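>
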Amino acid sequence: MLVVLGTLAATPVSVGAEDRQGPEPVPGPQGNLYLVVAPEGWESFLQPLMDWRDRTSGYTSRFLSLEDSFANGVGRDNAARLRSSIRDAEPAAVLLVGDSEVLPVRRVFTDILLDGNTSDPLNFRWTDDYYVVGGESDWDRDGDGVYGEDGEVFEEIAGAFAAGEGALVGRVPASSELEVERFVNKLLAYETSPPPGDWFTSALLVSGLMDVPNHLDNPYTPDLDGGYELFSDNSYESHSKLQDIIPDRFERTWIYDYPRLDGGQWNRSIDIMDHESVVSAFDMGHSMVAMNGHGYIDGSGLAHYNGSGYSNYWWDWQGAYDYADADNASNGGRLPWVYVAACYVGDITVRDDRTLERLVMNPDGGAIGMVAGNGENYKGESIANASYGNWFLERHFWTYYLKDGPGKAMLETKRDYLALISSDDIPHKPLYDAYYVADYLSPNLLGDPLTRVWTDVPDTLRVSSFRDDEVSGEAVLVTVVDGSDAPLRD
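Residue numbers in the sequence shown follow this note's numbering, run continuously in steps of one, and reach 624 at the last position.
Here is the structure:
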């Protein structure tokens with residue numbers, strides 16, 4: 135049976151309950167090794183995914199046990215030895231399988247406090263899974279055990295990107311064999327037999343306020359945060375630009391705190407964002423979800439403004455979507471890819487996994503994958519049409535995602551951001567430079583970087599049998615056409 139993709143992004147068409155094949159393989163970058171890294175006891179649970187990738191992705195799968203990487207890698211600790219083993223394999227794509235207590239992370243120094251204190255954990259709140267593939271050194275050129283200081287991250291990663299196409303990296307934050315098995319089943323069901331409905335072309339935007347809307351900032355004290363700043367204190371502005379990226383075929387659901395950019399005249403009648411509205415909208419089912427706003431410092435979820443319009447106390451910010459909502463998501467198989475441009479909510483080092491990583495690990499719903507910040511983010515949006523922070527990252531990710539899928543989108547977004555912050559086109563005050571490092575490190579991809587995502591409604595392909603035709607060993611050229619007899623592929 136021949137199955138060819140038409141208007142799909144890169145996902146198999148369902149052609150019946152008994153016969154179902156994947157899309158035409160496509161070549162991977164810099165070779166085609168898809169390296170799956172996990173504890174050796176988890177290999178059998180990952181084998182169905184590796185078999186599926188071998189059949190459909192153009193990559194060749196290989197399993198690397200965590201135990202072998204620790205035994206054979208080179209470095210001062212397990213994170214360094216893991217990195218050494220992965221780099222020796224020269225993969226084109228890497229799937230890290232394990233939460234932080236299973237598969238180690240590398241904490242990186244940002245000097246976000248501007249005190250040079252390499253003993254303060256607040257300067258080490260960031261991790262980046264690209265550590266396992268990036269640069270010739272392990273981000274510690276001087277060997278002092280402090281990773282990322284004095285440009286070690288930027289110079290090493292920029293050099294790695296310049297040297298080749300770069301590898302795709304993702305992580306499944308599983309803590310047990312059962313979680314691995316459930317994730318693999320969920321992913322294969324998503325790619326091979328998604329539920330019908332209009333969710334394939336549905337996007338949800340959730341846009342939170344960043345400051346008090348009716349108390350305006352004093353423009354004559356730019357270094358002081360005195361209130362609402364034009365263009366930078368409402369993620370509605372970033373999502374207004376994201377609207378231009380989303381294809382016209384998509385239906386949009388937009389939940390927001392404040393549908394203005396200039397400040398003032400906020401009241402509850404125009405604020406449609408609260409816990410109930412966000413949960414209800416998410417559970418409708420979408421293929422894309424973009425959330426933007428403040429994240430709670432404990433990583434538990436996204437916040438929304440619920441004050442008077444002038445007050446800015448801690449109780450004026452309430453939960454819009456949190457880890458419990460992710461656990462209880464009732465969208466079934468109508469699974470989106472989620473990007474959360476907010477602080478902390480993707481931090482896989484949080485105890486008991488009380489973050490939005492639970493969207494990915496929800497076995498019956500939630501998300502098929504997610505990009506989210508694991509530390510504090512800097513939005514970097516101080517004037518109209520200029521962005522040099524995580525709002526830049528958000529929009530670049532979705533631009534690449536719609537063309538190339540999530541893994542390539544994450545790689546190219548980080549590459550673009552490095553080019554931006556290494557240039558003289560943006561301000562380079564010491565605090566800004568510290569935030570640029572943090573913004574580069576913060577977003578990690580949770581899920582499989584090779585996920586074949588849905589971005590359009592699948593068509594049905596009917597195939598007639600050739601069993602009555604004699605071929606006599608000769609090649610047969612088959613052209614698949616759409617309803618107007620136009621070829622689906624050249």
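For glycine and all other residues, C-beta sits at the position ideal for the given N, C-alpha and C. What you are looking at is a predicted structure, and each value in this text was computed from that prediction instead of being measured.
Does DSSP classify P564 as helix, strand or coil?
For this step, residue 564 is matched to residue 430 along the sequence shown. Looking at P564 - three-state DSSP - the assignment turns out to be helix.
> Reducing DSSP to helix, strand and coil, say where I379 ends up.
Here residue 379 refers to the residue found at position 245 when the sequence shown is read from its first residue. DSSP places I379 in coil when its eight states are reduced to three.
> Quick check: the Cα distance between L595 and G541, rounded to an integer number of angstroms?
Translated into positions along the sequence shown, residue 595 becomes position 461. Translated into positions along the sequence shown, residue 541 becomes position 407. Their Cα atoms are separated by approximately 28 Å.
> Would DSSP call P163 helix, strand or coil?
In the sequence shown, counting from the first residue as 1, residue 163 sits at position 29. Because P163 carries a pLDDT of 47, less than 50, the predicted location of this residue cannot be relied on, and the following value inherits that uncertainty. DSSP places P163 in coil when its eight states are reduced to three.
> My output table needs one value for A337: the three-state DSSP class, helix, strand or coil.
The sequence position of residue 337 within the sequence shown is 203, counting from 1. Note: A337 maps to strand in three-state DSSP.
> If we call anything under 8 Å between Cβ atoms a contact, is A460 one with L490?
For this step, residue 460 is matched to residue 326 along the sequence shown. For this step, residue 490 is matched to residue 356 along the sequence shown. In this structure, A460 sits near L490, with a CB-CB distance shorter than 8 Å.
> Which value, in whole angstroms, describes the spacing of the CA atoms of G360 and G398?
Indexing the sequence shown from 1 puts residue 360 at position 226. Indexing the sequence shown from 1 puts residue 398 at position 264. When rounded, the distance between both Cα atoms is 14 Å.
> Give me, in chain order, the residues of the same chain whose beta-carbon lies closer than 6 Å to that of D233; leave out the 5 immediate sequence neighbours on both sides.
For the purposes of this step, residue 233 is identified with residue 99 of the sequence shown, where counting begins at 1. Excluding sequence neighbours, D233 sits near P307, S309, I482.
> Figure out for me which residue from F365, T326, Y370 has the closest Cα to the Cα of S341.
Locating residue 341 in the sequence shown gives position 207, counting from the first residue. Per the Cα distances, Y370.
> Could you give the residue range of the beta strand (DSSP E) that holds Q452?
As a working mapping, residue 452 is identified with position 318 in the sequence shown. Q452 -> beta strand (DSSP E) spans 451-456.
> What first and last residue would you give for the beta strand (DSSP E) that runs through W471?
Sequence index remark: in the sequence shown, residue 471 carries index 337 (1-based). Its beta strand (DSSP E) spans residues 471-475.
> Rounded to a whole number of angstroms, what is the C-alpha to C-alpha distance between T244 and D254?
Locating residue 244 in the sequence shown gives position 110, counting from the first residue. Locating residue 254 in the sequence shown gives position 120, counting from the first residue. Each residue's Cα considered, the two are about 11 Å apart.
> On the DSSP letters alone, give me the boundaries of the alpha helix (DSSP H) that A205 sits inside.
Taking the first residue of the sequence shown as 1, we reach residue 205 at position 71. First-last of the alpha helix (DSSP H) with A205: 200-206.
> Per DSSP, which one or two residues make a beta bridge with V171?
Residue mapping note: residue 171 aligns to position 37 of the sequence shown, counting from 1. Paired residues: L198, L230.
> For A144, is the classification buried or exposed, using 16 other Cβ atoms within 10 angstroms of its Cβ as the cut-off for buried?
Numbered from its first residue, the sequence shown carries residue 144 at position 10. The pLDDT assigned to A144 is 33, lower than 50, so where the model puts this residue is not dependable; a value taken from the coordinates is nonetheless given after this. Buried is the call here.
> Which residue wins for smallest C-alpha separation from V242, given the options D249, S178, L229, L256?
On the sequence shown, position 108 is the one that residue 242 refers to. When only C-alpha atoms are compared, the closest one is L256.
> Let me know the secondary structure DSSP gives E410 once reduced to three states.
Mapped onto the sequence shown, residue 410 falls at position 276. Here E410 carries a helix assignment [DSSP, helix/strand/coil].
> Please state whether the Cβ-Cβ distance between Y168 and S195 is less than 8 Å.
Within the sequence shown, residue 168 is the residue found at index 34, counting from 1. Within the sequence shown, residue 195 is the residue found at index 61, counting from 1. Yes; because the gap between Cβ atoms is below 8 Å, this pair is in contact.
> Count the other C-beta atoms from every protein chain shown that fall within 10 angstroms of the C-beta of D486, then say buried if there are 16 or more, exposed otherwise.
Locating residue 486 in the sequence shown gives position 352, counting from the first residue. D486 is exposed by the Cβ-count criterion.
> Select from F365, L565, A415, V587 the residue whose C-alpha is nearest the C-alpha of D538.
Counting from 1 along the sequence shown, the entry for residue 538 is found at position 404. Selected option, being the one with the closest Cα: V587.
> Just to check my reading of the structure: N524 and Y512 have Cβ atoms closer than 8 Å, yes? What is that Cβ distance to the nearest angstrom?
Translated into the one-based positions of the sequence shown, residue 524 becomes position 390. Translated into the one-based positions of the sequence shown, residue 512 becomes position 378. Confirmed, about 7 Å.
> Under a Cβ-count criterion, where at least 16 other Cβ atoms within 10 Å of its own Cβ denotes burial, should I404 be classed as buried or exposed?
Stepping through the sequence shown from its first residue, residue 404 is reached at position 270. With fewer than 16 Cβ atoms within 10 Å of its Cβ, I404 is classed as exposed.
> Report yes if the C-beta distance between D590 and T335 is below 8 Å; otherwise report no.
Looking up residue 590 in the sequence shown gives position 456. Looking up residue 335 in the sequence shown gives position 201. Cβ distance < 8 Å, so D590 and T335 count as in contact.
> Out of A214, W260, P330, L312, point me to the one whose CA is closest to S576's CA.
Here residue 576 refers to the residue found at position 442 of the sequence shown. Of A214, W260, P330, L312, the residue nearest in Cα terms is W260.
> Tell me which residues share the same chain as P225 and place their Cβ nearer than 6 Å to its Cβ, disregarding the 5 neighbours each side in the sequence.
On the sequence shown, residue 225 is found 91 positions in, with the first residue counted as 1. Answer for P225: L167, L169, A301, listed in chain order.
> Which first and last residues belong to the alpha helix (DSSP H) in which V318 is found?
On the sequence shown, residue 318 is found 184 positions in, with the first residue counted as 1. V318 -> alpha helix (DSSP H) spans 311-326.
> Does DSSP put P353 in a helix, a strand or coil?
Here residue 353 corresponds to residue number 219 of the sequence shown, with the count starting at 1. Reduced to three states, the DSSP call for P353 is coil.
> Just to confirm, is the Cβ distance from D262 to N578 under 8 Å?
For this step, residue 262 is matched to residue 128 along the sequence shown. For this step, residue 578 is matched to residue 444 along the sequence shown. A contact, by the Cβ cut-off of 8 Å.
> Roughly how many angstroms separate the alpha carbons of M184 and R305, rounded to a whole number?
Against the sequence shown, residue 184 aligns to sequence position 50. Against the sequence shown, residue 305 aligns to sequence position 171. Roughly 15 Å between the two C-alpha positions.
> With DSSP run on the structure shown, which of helix, strand or coil describes E158?
By one-based count along the sequence shown, residue 158 stands at place 24. Because E158 carries a pLDDT of 40, less than 50, the predicted location of this residue cannot be relied on, and no value is offered for it.
> Taking the straight line between their C-alpha atoms, what separation do you get for Y570 and Y522?
What you label residue 570 is simply residue 436 of the sequence shown in a count that begins at 1. What you label residue 522 is simply residue 388 of the sequence shown in a count that begins at 1. Taking the straight line from one Cα to the other gives about 8 Å.
> Am I right that Y118 and G509 are in contact with their C-beta atoms under 8 Å? What's the rounded C-beta distance?
Here the chain covers residues 135 to 624 and nothing more, so residue 118 does not appear.
> Quick check: the segment 439-448 against the segment 547-565, are at least 3 beta-carbon pairs closer than 8 Å?
Result no; under three Cβ-Cβ pairs closer than 8 Å.
> How is H438 classed by DSSP in three states: helix, strand or coil?
Within the sequence shown, numbered from 1, the residue matching residue 438 stands at position 304. In the three-state reduction of the DSSP assignment, H438 falls in the strand class, which pools E and B.
> Going by the beta-carbon positions, is the gap between Y362 and L376 smaller than 8 Å?
Mapped onto the sequence shown, residue 362 falls at position 228. Mapped onto the sequence shown, residue 376 falls at position 242. Taking 8 Å as the Cβ cut-off, Y362 and L376 do not qualify as a contacting pair.
> Return the chain-ordered list of same chain residues with a C-beta closer than 7 Å to the C-beta of Y534, the five sequence neighbours on each side being excluded.
The residue given as residue 534 occupies position 400 in the sequence shown. Setting aside the 5 residues that flank it on each side, Y534 is surrounded in the same chain by K542, A543, E546, T547, each with a C-beta closer than 7 Å to its C-beta; the list follows chain order.
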